[in-house]
Each structure stands twice: as structure tokens, then as C-alpha cells.
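Right, one structure below, let's go through it.
Protein chains: 2
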Amino acid sequence: MDKKSIKGLGFKSRAVTSFLQYMWAYETIKARIFSMLNKYGLTASQFGVLDALFHLGSRSQRDLGTHILKSGGNITMVIDNLEKAGLVRRERSVEDRRFIYVHLTDKGKKLFVEILPLHLKAVEDEMSALTSREMEELGRLCVKLGSKKGGDRK
Amino acid sequence: MDKKSIKGLGFKSRAVTSFLQYMWAYETIKARIFSMLNKYGLTASQFGVLDALFHLGSRSQRDLGTHILKSGGNITMVIDNLEKAGLVRRERSVEDRRFIYVHLTDKGKKLFVEILPLHLKAVEDEMSALTSREMEELGRLCVKLGSKKGGDRK
DNA sequence: ATAGGACAGTTTAATATTAAACGAATTAAT
DNA sequence: ATTAATTCGTTTAATATTAAACTGTCCTAT
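Taken in sequence, the protein lines are chains A and B. For the first sequence, the residue numbers in the working numbering are 1 to 154. For the second sequence, the residue numbers in the working numbering are 155 to 308.
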């Protein structure tokens, strides 16, 4: 029985096993961490946008999309909903009319400042399963993983 | 300046930094890995269901939902779409009529067997950024993270 | 100057996703 | 046995998400 047929029948390589553990853990703790935000009426993407605006300042929708790894069409809707809730404000750029800059409103800033500590607490609670040394190692491995450049496929 | 105000202004603890690296890497490589499946018309959830049915055998919708960490309402739609595509088949249980068992059709089995090696190859390509020892360590850390039980919040 | 291309944002169509309300079937409690 | 609680699946309403087609806007090469 060659390797190919073994795989098809359920054999898992070291790489695949690790990936499954990685994926499962992420989905699990992501659900736990963001359920808190949901209680404040914010989705993960909405929180990501508020966080970027708060820490980086006003940004174009394109920048925001790149930052939270979401498509342009999606950003339109996320900003729509944040705008409906009065948390952000759109402003068409005068230098280059293609760009729309998104600004935090006072209401948005107030909500974010209220929620951020709770979010950080939730993250720290989840991560506290690891020692500080392990957190560092996890971060290092993930950076190495995510930074992998394409093009090494034969 | 106390710790709370430092945090609010951008200070990131070791736990938060590691979590952000973890989240960013996951979203990045997940998009790369599942873009291949999308070309075959399968979403990540649909593939997860086919995988469970193939490796574990026929299951109830509830079991499938638990397995891929998705809500009941979602499973209804995912199975709907797989059924429309002729890849799975529903069967109401006769012992307990609340349960609906989902079965792979021949067409579904054929497609899955065709795609699985490509998916495994994509996973291994991504994970190849790490050494075997690092993969093992990553898996260990993730299991520790995800297994954390609630209830240690004061 | 203008035609073509590049780029920002929107719209559309399809699927995903959840929470909550709901209906049907089963089990537990009295 | 009848009631109450639980469990499974569906439906609904809302947002997320993407790819692809589309509209404006800006830039560039001729």
C-alpha cells in the first residue's frame, strides 16, 4: 500500500494533525472571545474596524479592508452598519475623490473605550492557559507560518 | 499612569500580542488553504461536513454541527446546499423521528476522494514553513489553549 | 487631448452564520 | 397518564463574506 492510498483512508501526517489542532483551537477560543463583543452588539469585523480607527486614526475603506483581511464589498456593509449605529462617519476625500475616509464619532470612541478593557480581559483569560514562555513561542511559530511566501510550489 | 490607562492607549501585553499573531496567521493561511476548495465549488463548512461523513460515516445533523463547531440553523443550510448539489442525502431516523441522518452519495464520495489529496497537499505546503519539531510544538500549544476549561474567572 | 488602464467604492447574487422563535418528537416527573 | 422539560431540526431576520460586474475618478502613454 503506497503513501497516497494510506492518506486517502485516514492517515494524517504530522503537518495535517498540527493544522487540525491549530484550526480547532482557534475556532474554539475565537467563539469564546467574541461572544462577549456580540453582547454589546458588535461583530468581530466591526470591532476590528473600530480598533483600527482608534489606534491608527482615520483610514480609507480600502486600508481598513486590508487591515482586517476582508474584501472591499464586505467593508462597504460593515461600515454601513457602523454608520447606521452612529459609531463612525464617512467623508469623501477632496484630494482624490475615489477615497472615502472613515472617522470614529464621539459615540464610537466612547463605546470602544468602554469595551476594549473587557475584550483584553477576555483575551488574557483565554491565553492564560499558557505560560508566558509558551505564549511567546506560539507567537513566534504563528508569525513564521503566516509570513510564508508563496512560490515554493514545484 | 496606571496599567489600565496604559492599556487603553495602546500597550499590548504578551498575551494580547501572541493572540493577535495567532489570529492573523490563522486567517491568512486559512484563506490560502480554502481558496483551492472554493475552485471546486465547496466552502470550508461544506468540506468539513463531507470530511466528517467520509471518515466517520453517516451522522445526524446535530453531530455534524458539533463536529464543525457551527450552529444548528447553519447546518440546515449547509446540508441543503450539499443536497442540492447531489453530494449528500437526508434520511429521517425511524427509531427516533427527531433525528435526520446525512449520508454521502456516490457522487459526493467521488468528489471528496478527488479533492482530499489536493487539500492535504495545500495544508502540507502551508505547514512546511515549520520544521517537524515546530509543528509538534504548535499542535501541543493549541491543544492546551483550546482545552482550557471555563470557570476560572473570579 | 484623449484613450486605456488602474484604482476606490458599490451593488448583486449566492452562501455562511448566529440567535431566537418555533414545531415536532421524545423523555422525565408527578 | 398527563404534564413539563428537553432535544432535533427548521425558519426568520440580521449581518458577514466573497466574487464578479459595475461606476466614478485619477493617471499615463501616445
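Yeah, the Cβ is synthetic: ideal placement off N, Cα and C, and Gly gets one too. Only a predicted model underlies this, so the values are computations on that prediction, with no experimental measurement involved.
- When the Cβ atoms of the stretch 178-194 of chain B are set against those of the stretch 245-260 of chain B, are three or more pairs found closer than 8 angstroms? no
- Message: Short of 6 angstroms in beta carbon distance, which residues of its chain neighbour A/L37, apart from the five on each side in sequence? Order them along the chain.
- Response: F47
- Query: Does DSSP put A/D152 in a helix, in a strand, or in coil?
  - Reply: Only weak support exists for where A/D152 lies, its pLDDT of 44 falling under 50; the coordinates are left without a value.
- Message: Within 8 angstroms of any Cβ in chain B, is that where the Cβ of A/M157 sits?
- Response: Lying before the first or after the last residue shown, residue 157 of chain A is absent from chain A, which here runs from 1 to 154.
- In terms of residues, what are the limits of the alpha helix (DSSP H) holding A/E83? Judged by DSSP secondary structure, A/E83 falls within the alpha helix (DSSP H) whose first and last residues are 72-84.
- Item | B/V248, DSSP secondary structure in three states | Note: B/V248 maps to coil in three-state DSSP.
- Would you report the Cα separation of B/V170 and A/L50, rounded to the nearest angstrom? 17 angstroms
- Cβ-Cβ separation, B/K261 to B/T240 (assumed contact under 8 angstroms), whole Å: Residue identity check: residue 240 of chain B is Gly in the sequence provided, not Thr. Indeed they touch by this definition, with Cβ atoms about 5 angstroms apart.
- Does B/S225 have its Cβ less than 8 angstroms from a Cβ in chain A? no
- Query: Apart from the five residues just before and just after A/R133, which ones in its own chain have a Cβ nearer than 6 angstroms to its Cβ?
  - Reply: none
- Helix, strand or coil at A/L111 [DSSP, three-state]: A/L111: helix per DSSP, three-state reduction.
- Query: Helix, strand or coil: how does DSSP classify A/K7 here?
  - Reply: Only weak support exists for where A/K7 lies, its pLDDT of 46 falling under 50; the coordinates are left without a value.
- Interface residues of the stretch 234-252 of chain B facing chain A [CB-CB below 8 angstroms]: none
- the stretch 277-287 of chain B in contact with the stretch 140-149 of chain A per 3-pair CB rule at 8 angstroms: yes
- Message: Determine, for A/I29, whether the minimum Cβ-Cβ distance to residues of chain B falls below 8 angstroms.
- Response: Closer than 8 angstroms: yes.
- Task: Taking only the alpha-carbon atoms, compute the straight-line gap between A/L64 and A/H55 and give it to the nearest angstrom.
- Result: 12 angstroms
- Contact set between the stretch 169-182 of chain B and chain A, restricted to residues whose Cβ is under 9 angstroms from the partner: Within the stretch 169-182 of chain B, the residues whose Cβ lies closer than 9 angstroms to any Cβ of chain A are, in chain order, A169, V170, T171, S172, F173, L174, Q175, Y176, M177, W178, A179, Y180, E181, T182.
- Assuming B/E181 and A/L69 form a contact by the criterion Cβ under 8 angstroms, report the distance between their Cβ atoms to the nearest whole angstrom. 5 angstroms
- Item | Run of the beta strand (DSSP E) containing B/Y97, from where it starts to where it stops | Chain B is shown from 155 up to 308; residue 97 of chain B falls before or after that span and cannot be answered.
- Residues from the stretch 278-293 of chain B in contact with chain A, defined by Cβ distance under 9 angstroms: Cβ contacts with chain A come from E278, D279, E280, M281, S282, A283, L284, S286, E288, M289, E290, E291, L292, G293.
- With 16 other CB atoms within 10 Å as the buried threshold, where does B/V267 fall? exposed
- Message: Is it buried or exposed, B/M177, if we count other Cβ atoms within 10 angstroms and call 16 or more buried?
- Response: buried
- Bounding residues of the alpha helix (DSSP H) (the contiguous stretch that carries A/L141): 132-147
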